[in-house]
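Residue numbers (this note's numbering): 9 to 94.
Right, here's the structure in full:
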């Protein structure tokens, strides 16, 4: 995650694309909250969308990851609306 953050910070779009491609293949239920937050931090629509899709398909399991879920709900309240209402 640190490499994609650095790529975003220092304006290295090719490195960011490579990181995105690799990370997209690593998104799974167990890290979907973390990947969603990372995607938001580095303005990666692809990573954010992939993580959201997994979270939405597994709402009950996501809520059971209470600490991460609570952190996410405070930081991105609009996500909670999208996740549970739409």
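Every residue, glycine too, gets a C-beta built ideally from N, C-alpha and C.
Taking residue i as the reference, which of the options has the closest Cα?
i          : options        : result
residue 84 : 47, 69, 54, 30 : 47
residue 35 : 62, 87, 20, 80 : 62
Span of the alpha helix (DSSP H) holding residue i?
i          : result
residue 47 : 40-49
residue 2  : Look at the range of the chain in this structure, 9 to 94, and you will see that residue 2 is not part of it.
residue 20 : Note, residue 20: premise wrong, no alpha helix (DSSP H); not H, not E.
residue 72 : 67-72
residue 52 : From DSSP, residue 52 is part of no alpha helix (DSSP H); its letter is neither H nor E.
Contact criterion: CB-CB distance below 8 Å. Does residue i meet it with respect to chain B?
i          : result
residue 46 : No chain B is part of this structure, which consists of one protein chain only.
Cβ of residue i within 8 Å of Cβ of residue j?
i          : j          : result
residue 41 : residue 76 : yes
residue 49 : residue 13 : yes
residue 37 : residue 66 : yes
residue 95 : residue 51 : Residue 95 lies beyond the residue range present for the chain, which begins at 9 and ends at 94; the question has no answer from this structure.
residue 45 : residue 80 : yes
Counting Cβ pairs, one atom from each stretch, are 3 or more of them under 8 Å apart for the segment 18-34 and the segment 67-83?
-> By the Cβ rule, the segment 18-34 does not count as touching the segment 67-83, because fewer than three pairs are nearer than 8 Å.
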